[in-house]
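Colleague: Let me begin by handing over the structure; questions about it come next.
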Amino acid sequence: MTPSDDRRLHPFSLLFSLVTGAWRYVLPALFVLFAARRGAWELWFTFLIIPYAAASILRYLTYRYRFAEDELVIRSGMIFHNERHIPYARIHNIGTVRNILHRMLGVADVRIETAGGQEPEARIQVLGMEAVDEMRRRVFERKRETAEAPAPGETTLLHMNPWDLALLGLVDNRGGVVIGAAIGLVWEMSWQFGLFERTGFSPSDLIRAFFSRSLDRLPPGALALATVGAVLGFIVLLRFFSVGWALINLHGFRLALAGSDLSTVRGLFTRVTASIPLHRIQVVVVREKPLHRYLGCVEVKVETAGGGPEQEKQAGKEWLAPLLPKERLASLLAIVQPGLSLESLAWEPVDPRAGRRILKRELIVAALVPLAFAYFLRWWAILLFAVMALLGLLQARYQPGRMGYAATDAFVAWRSGWLWRKLSIARVAKIQAVTLAASPFDRRYEMASVRVDTAGAGASAHRIRIPFLDAQVARGLAASLATRAQASEFRW
Amino acid sequence: MDPRSIILDRIVGGIVAGAITLGQLIALLIVFAATGMPGWGIGLALAGWVVFSGVLTWFLQIWPALHYRHQAYRLSPERIEIRSGVWWRSVTSVPRSRIQHTDVAQGPLSRHLGLARLLLYTAGTDNAQVELRGLAHETALRIRDHLVAGGPDDAV
Numbered sequence: 084m085t086p087s088d089d090r091r092l093h094p095f096s097l098l099f100s101l102v103t104g105a106w107r108y109v110l111p112a113l114f115v116l117f118a119a120r121r122g123a124w125e126l127w128f129t130f131l132i133i134p135y136a137a138a139s140i141l142r143y144l145t146y147r148y149r150f151a152e153d154e155l156v157i158r159s160g161m162i163f164h165n166e167r168h169i170p171y172a173r174i175h176n177i178g179t180v181r182n183i184l185h186r187m188l189g190v191a192d193v194r195i196e197t198a199g200g201q202e203p204e205a206r207i208q209v210l211g212m213e214a215v216d217e218m219r220r221r222v223f224e225r226k227r228e229t230a231e232a233p234a235p236g237e238t239t240l241l242h243m244n245p246w247d248l249a250l251l252g253l254v255d256n257r258g259g260v261v262i263g264a265a266i267g268l269v270w271e272m273s274w275q276f277g278l279f280e281r282t283g284f285s286p287s288d289l290i291r292a293f294f295s296r297s298l299d300r301l302p303p304g305a306l307a308l309a310t311v312g313a314v315l316g317f318i319v320l321l322r323f324f325s326v327g328w329a330l331i332n333l334h335g336f337r338l339a340l341a342g343s344d345l346s347t348v349r350g351l352f353t354r355v356t357a358s359i360p361l362h363r364i365q366v367v368v369v370r371e372k373p374l375h376r377y378l379g380c381v382e383v384k385v386e387t388a389g390g391g392p393e394q395e396k397q398a399g400k401e402w403l404a405p406l407l408p409k410e411r412l413a414s415l416l417a418i419v420q421p422g423l424s425l426e427s428l429a430w431e432p433v434d435p436r437a438g439r440r441i442l443k444r445e446l447i448v449a450a451l452v453p454l455a456f457a458y459f460l461r462w463w464a465i466l467l468f469a470v471m472a473l474l475g476l477l478q479a480r481y482q483p484g485r486m487g488y489a490a491t492d493a494f495v496a497w498r499s500g501w502l503w504r505k506l507s508i509a510r511v512a513k514i515q516a517v518t519l520a521a522s523p524f525d526r527r528y529e530m531a532s533v534r535v536d537t538a539g540a541g542a543s544a545h546r547i548r549i550p551f552l553d554a555q556v557a558r559g560l561a562a563s564l565a566t567r568a569q570a571s572e573f574r575w
Numbered sequence: 086m087d088p089r090s091i092i093l094d095r096i097v098g099g100i101v102a103g104a105i106t107l108g109q110l111i112a113l114l115i116v117f118a119a120t121g122m123p124g125w126g127i128g129l130a131l132a133g134w135v136v137f138s139g140v141l142t143w144f145l146q147i148w149p150a151l152h153y154r155h156q157a158y159r160l161s162p163e164r165i166e167i168r169s170g171v172w173w174r175s176v177t178s179v180p181r182s183r184i185q186h187t188d189v190a191q192g193p194l195s196r197h198l199g200l201a202r203l204l205l206y207t208a209g210t211d212n213a214q215v216e217l218r219g220l221a222h223e224t225a226l227r228i229r230d231h232l233v234a235g236g237p238d239d240a241v
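Residue numbers (my numbering), protein chains in the order written: chain P, 84 to 575; chain D, 86 to 241.
Here it is, written out as C-alpha cells:
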C-alpha cells in the first residue's frame, strides 16, 4: 500500500485524557475541599490538575502517526521527542477497548500489540472507528469491518448468549475477584482520605461489636449453625458475583473467522475486541474443571505471540471459547490449527514409575505441612495429615493415567491433570527452545522432563512441561523436537 | 567453558560473601547496642556469625568449581545445546533459526580476566534469554559470528 501522510488523534482524545485525569484528581480534591481540616498539603494536590491538563493538550497536539511502506511510525512529544517505528509484520493484534463513553462518541482506545512485548507496544487514545478500520486494513492488508457485526465472508464460530454466560459464571468462579477488588478499593480509598479518623468509624470496631453482641446472645449450637450458614451464604454470593462478572465481561461473546484471521468481541459496558491472525497462535490451551466435566464442556484459550503478564487477565492469552460443548472441540481445533486432528493424536504415556514418585512426594508434603503448623493445630494436625495423605494417594493413583504427550511432525501436545484437566497443543513451528531437565530426584530414577518454550506464554500459564519421562525417551523426544523445530520456519 | 571463569566466580563470590557478613555484623552490633544483651548472649551470637560466615565463604569458593565442571555447550549445524546445573541439571537446545539476536557482554572484572557472557535471545518466554557465562571473550565472539551467519532467514 502506498505510504500515507500524517494522521492525528481524534479530537475527543482530549476529553478522554481529561476524564481520566479528573477521576484521579478531582475526586480527592473535592473530598479535601469539603473536609474539616483545611489548608493541609492535600490542597496542593488540586493544583496538580492544571499541569496535567496542559500536558494532555500538548500530547494531543503533538501526537502523530503515519503508515510508511512497511511500518507504522508514531511521533509524539514536544520537548522530549519520541519516534516509534513498528514494523507491520511485528504487529500481531490491534485490539480496541471501548467503554460506554467511547461507544457513545464512536471512538476507541486502540492497543497495538507486538510479539516479545510485555505490554501493548503502543496505546493510542483515542481514534475514530474509521481510523481503526484503516489501521487494521493497512497493517493486516485485509479488508475488514469492525467485528461488531458479521461481515461478508466471515463465519461465526461461536456465539454465547446470556444463558451460556450465566452457566460459565457458575462454573468458573470469578466471584472472588470481584469481592476482592471491591474490598480493596473501599479499603484503599478510606485510608487515603482518613475516612476512619474523620468520622470516628472503623471496620474492625464494627466487626468486633457485631460479633461480641451476637455471640453473647446466641446459644452455642446456633453459633455453629450460623457459621455454616455464613460460609454457604458466602459461597453463593461468590457465585452470584461470578455470574455477574461473566455476564458483564463476556457479554455477547462472538468468535469469528474471516480468511485466516480470528476475531473476538466481548463485553457489555466496555467492549473489547481482539484479532488473532491464525498464524500467530502459539499454543492452544484447553481446560476442563470438574464442573466442566459435569456439564460436558471445556474452556479454550490461546496464547498469542506478544502477550506477557499484564494487568488484564486475558492479555496475550485470549479466550477462544470460554465455554464449549466437548463435542465441538475437535472441529474448532481443526479450524483454528489447520492440520490438527484431535482424535488421531497418538498419546504416549509417562513412565509407569511416575505413580510411585508422585506418591512419595505427596506423602512427604502431607507429613511436613501439618508438622509445620503443629503448634497451632495440635491434635488436628493428625487429621490434616490423614486428609492430605488420602488426597495424595488418589492423585498418585489417577494422575499418571491421565498424563500423556503426543508429538507429530507438526504438533506437540501435552495433557495432564485428573480433576483439573489441561491440554496444551503447540505447533512445532512455534517451538523456540527445548529443554531437557533432570532434578536430583529425576536422576535417581533415571527420568527427566522435557520442556517446550514458546513465545508469549503467560506467567500463570502451565507450560508444556512433560515430567516423569524415562531418561532415554526424554532425550530422544527433546532431540527430535529440536530437529523438527529447526527444520520448520518460524513465522510471526 | 573457560577455566578462568572459576576465578571470576570466586572473586564475585568473595565480594558477595564479604558484603553479607559485613551486613550481618553491623546488624548484630546494632541489636547489641539497642537491647543490651548479657555477655554470654553476645558471645553466642558472635560465634554463630563466625560459623555462618565461614560456611558461606567456603561454599562460595567451591561452588564455582563444581558449576564449571557441569557446564558445557555443543554447537551443531542445526542448533546449539547448553548443558548446565549441578543439582538441577538441564540441557537447553536452541535451534539456529530461532535465535533472534545475540549479545556479548562483559563486566569490568570479566574484561580484566578476558571473559565474556554470550546471551542468545529467542522469542520464547522462559528462554527468552539463554546465557552462556564464563566464556573466553574470543570464543564468545566466534560462537556468535558462527550462529549469526549461516542459517535461513526468518520472516519477522
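All C-beta atoms in this analysis are idealised placements derived from N, C-alpha and C, irrespective of residue type, glycine included.
D88 (chain P) by DSSP, collapsed to three states: which one?
Modeller: Along the first sequence, read from residue 1 onward, the residue named residue 88 (chain P) stands at position 5. In the structure shown, D88 (chain P) sits in coil (DSSP, three-state: anything other than H, G, I, E or B).
Colleague: Determine the direct distance from the alpha carbon of V533 (chain P) to that of R558 (chain P), and round the result to whole angstroms.
Modeller: Counting from 1 along the first sequence, the entry for residue 558 (chain P) is found at position 475. Counting from 1 along the first sequence, the entry for residue 533 (chain P) is found at position 450. Using only the alpha carbons, I get a separation of about 8 Å.
Colleague: Sorted by chain position, which residues of the same chain lie with C-beta nearer than 8 Å to L330 (chain P)'s C-beta, five sequence neighbours on each side aside?
Modeller: In the first sequence, counting from the first residue as 1, residue 330 (chain P) sits at position 247. So the qualifying residues of the chain are P245, L248, A249, G252 and L351.
Colleague: In whole angstroms, what is the alpha-carbon distance linking I127 (chain D) and L519 (chain P)?
Modeller: Residue 127 (chain D) sits at position 42 when you count from the first residue of the second sequence. Residue 519 (chain P) sits at position 436 when you count from the first residue of the first sequence. Near 49 Å, if we compare the C-alpha coordinates of L519 (chain P) and I127 (chain D).
Colleague: Give me the chain P residues within the contact set of T142 (chain D), using Cβ-Cβ distance strictly less than 8 Å, ordered along the chain.
Modeller: Within the second sequence, numbered from 1, the residue matching residue 142 (chain D) stands at position 57. Chain P residues near T142 (chain D): none, gap ~25 Å exceeds 8 Å.
Colleague: Heavy atom of the ligand NAD less than 6 Å from the Cβ of T566 (chain P), yes or no?
Modeller: The model depicted lacks the ligand NAD and carries no ligand whatsoever.
Colleague: Would you tell me roughly how many angstroms separate the C-alpha atoms of T566 (chain P) and L241 (chain P), rounded to the nearest one?
Modeller: Residue 566 (chain P) sits at position 483 when you count from the first residue of the first sequence. Residue 241 (chain P) sits at position 158 when you count from the first residue of the first sequence. Distance from the CA of T566 (chain P) to the CA of L241 (chain P), rounded to the nearest whole angstrom, comes to 37 Å.
Colleague: Relative to the alpha-carbon of V171 (chain D), which residue among D:I92, D:W148, D:L226 and D:S138 has its alpha-carbon at the smallest distance?
Modeller: The residue labelled residue 171 (chain D) in the question sits at position 86 within the second sequence. Ranking the options by Cα distance to V171 (chain D), first place goes to D:W148.
Colleague: Taking only beta carbons into account, state which residues of the stretch 178-212 of chain D come closer than 7 Å to chain P, listed in chain order.
Modeller: S178, V179, P180, R181, S182, R183, T207, A208, G209, T210, D211 and N212
Colleague: Per the DSSP calculation, G487 (chain P) is bridged to which residue(s)?
Modeller: Numbered from its first residue, the first sequence carries residue 487 (chain P) at position 404. Paired residues: P:P432 and P:R498.
Colleague: Run down chain D in chain order and give the residues with a C-beta less than 7 Å from the C-beta of L519 (chain P).
Modeller: Here residue 519 (chain P) refers to the residue found at position 436 when the first sequence is read from its first residue. What L519 (chain P) touches in chain D: S175 and V176.
Colleague: Three or more C-beta pairs closer than 8 Å, one from the stretch 358-367 of chain P and one from the stretch 503-523 of chain P: is that the case here?
Modeller: yes
Colleague: What span of residues does the alpha helix (DSSP H) with A597 (chain P) cover, start to end?
Modeller: Because chain P in this structure spans residues 84 to 575, residue 597 (chain P) falls outside the shown range and cannot be described.
Colleague: Rounded to the nearest angstrom, how far is the Cβ of R194 (chain P) from that of R206 (chain P), given a contact under 8 Å?
Modeller: As a first step, residue 194 (chain P) must be located in the first sequence, where it is residue number 111. As a first step, residue 206 (chain P) must be located in the first sequence, where it is residue number 123. Confirmed, Cβ separation roughly 5 Å.
Colleague: Nearest chain D C-beta to P405 (chain P) closer than 7 Å, yes or no?
Modeller: Numbered from its first residue, the first sequence carries residue 405 (chain P) at position 322. With 7 Å as the cut-off, P405 (chain P) does not count as an interface residue toward chain D.
Colleague: Quick check: the Cα distance between A472 (chain P) and L110 (chain D), rounded to an integer number of angstroms?
Modeller: The residue you call residue 472 (chain P) lines up with position 389 of the first sequence. The residue you call residue 110 (chain D) lines up with position 25 of the second sequence. Those two C-alpha atoms are separated by around 44 Å.
Colleague: Mind listing the chain P neighbours of R164 (chain D)? Cutoff is C-beta to C-beta under 7 Å, in chain order.
Modeller: Taking the second sequence and counting its residues from 1, one reaches residue 164 (chain D) at position 79. What R164 (chain D) touches in chain P: A565 and Q569.
Colleague: Could you tell me the boundaries of the beta strand (DSSP E) in which P180 (chain D) lies?
Modeller: Counting from 1 along the second sequence, the entry for residue 180 (chain D) is found at position 95. Residues R174 to P180.
Colleague: For A221 (chain D) and G199 (chain D), what's the separation of their Cα atoms in angstroms?
Modeller: Position 136 of the second sequence, counting from 1, holds the residue named residue 221 (chain D). Position 114 of the second sequence, counting from 1, holds the residue named residue 199 (chain D). In a straight line, the C-alpha of A221 (chain D) is about 6 Å away from that of G199 (chain D).
Colleague: Measuring only between beta-carbons, confirm whether W134 (chain D) sits less than 7 Å from chain P.
Modeller: Locating residue 134 (chain D) in the second sequence gives position 49, counting from the first residue. Closer than 7 Å: no.
Colleague: Would you list the one or two residues that DSSP bridges to A509 (chain P)?
Modeller: Sequence index remark: in the first sequence, residue 509 (chain P) carries index 426 (1-based). According to DSSP, which records beta bridges pairwise, A509 (chain P) is partnered with P:V366 and P:V495.
Colleague: L184 (chain P) lies in the beta strand (DSSP E); which residues open and close that run?
Modeller: Within the first sequence, residue 184 (chain P) is the residue found at index 101, counting from 1. No beta strand (DSSP E) contains L184 (chain P), which is instead part of the alpha helix (DSSP H) from I183 to L188.
Colleague: What does the alpha-carbon distance come out to for the pair L226 (chain D) and R411 (chain P)?
Modeller: As a position in the second sequence, residue 226 (chain D) is number 141, starting the count at 1. As a position in the first sequence, residue 411 (chain P) is number 328, starting the count at 1. If I take the Cα positions, the gap works out to 52 Å.
Colleague: Could you tell me the distance, in whole angstroms, from the CA atom of I169 (chain P) to the CA atom of L155 (chain P)?
Modeller: For the purposes of this step, residue 169 (chain P) is taken as the residue at position 86 of the first sequence. For the purposes of this step, residue 155 (chain P) is taken as the residue at position 72 of the first sequence. When rounded, the distance between both Cα atoms is 5 Å.
Colleague: Distance, Cα to Cα, L194 (chain D) vs G219 (chain D)?
Modeller: Taking the second sequence and counting its residues from 1, the one referred to as residue 194 (chain D) is at position 109. Taking the second sequence and counting its residues from 1, the one referred to as residue 219 (chain D) is at position 134. Cα-Cα distance, rounded: 12 Å.
Colleague: Three-state secondary structure (DSSP) at W462 (chain P)?
Modeller: One-based indexing of the first sequence puts residue 462 (chain P) at position 379. W462 (chain P) falls in the coil class under three-state DSSP.
Colleague: Over the uninterrupted alpha helix (DSSP H) stretch that includes F336 (chain P), give me the two end residues.
Modeller: Numbered from its first residue, the first sequence carries residue 336 (chain P) at position 253. Here F336 (chain P) belongs to no alpha helix (DSSP H), and DSSP marks it neither H nor E.
Colleague: Does any CB atom of chain D fall closer than 7 Å to the CB of S507 (chain P)?
Modeller: Position 424 of the first sequence, counted from the first residue, corresponds to residue 507 (chain P). Taking Cβ atoms only, chain D never reaches closer than 7 Å to S507 (chain P), which makes this a no.
Colleague: Rounded to the nearest angstrom, what separates R149 (chain P) and L407 (chain P) at their Cα positions?
Modeller: Walking along the first sequence from the start, residue 149 (chain P) turns up at place 66. Walking along the first sequence from the start, residue 407 (chain P) turns up at place 324. Computed Cα separation, rounded: 41 Å.
Colleague: A130 (chain D): which of D:F144, D:T142, D:W143 and D:I115 sits nearest, CA to CA?
Modeller: On the second sequence, position 45 is the one that residue 130 (chain D) refers to. Answer by Cα proximity: D:I115.
Colleague: Taking buried to mean at least 16 other C-beta atoms within 10 Å of its own C-beta, is E166 (chain P) buried or exposed?
Modeller: As a position in the first sequence, residue 166 (chain P) is number 83, starting the count at 1. Result: exposed.
Colleague: Taking just the CA atoms, how far does R527 (chain P) sit from Q555 (chain P)?
Modeller: The residue given as residue 555 (chain P) occupies position 472 in the first sequence. The residue given as residue 527 (chain P) occupies position 444 in the first sequence. For Q555 (chain P) and R527 (chain P), the distance between alpha carbons rounds to 14 Å.
Colleague: So that I know if they touch, is there some Cβ in chain D lying closer than 7 Å to that of P94 (chain P)?
Modeller: Stepping through the first sequence from its first residue, residue 94 (chain P) is reached at position 11. No, P94 (chain P) lies away from the interface with chain D (no Cβ there is under 7 Å from its Cβ).
Colleague: Look at S178 (chain D) and R164 (chain D) and say whether their C-beta atoms are less than 7 Å apart.
Modeller: Reading the second sequence from its first residue, position 93 is the one you call residue 178 (chain D). Reading the second sequence from its first residue, position 79 is the one you call residue 164 (chain D). Their beta carbons are under 7 Å apart, which means S178 (chain D) touches R164 (chain D) by this criterion.
Colleague: Using three-state DSSP, classify D211 (chain D) as helix, strand or coil.
Modeller: Numbered from 1 along the second sequence, position 126 holds the residue referred to as residue 211 (chain D). Reduced to three states, the DSSP call for D211 (chain D) is coil.
Colleague: Go through its chain and collect everything with a Cβ distance to D153 (chain P)'s Cβ below 8 Å, but skip five positions before and after it.
Modeller: Here residue 153 (chain P) refers to the residue found at position 70 of the first sequence. Excluding residues within five positions, the ones whose Cβ falls inside 8 Å are P170, Y171 and A172.
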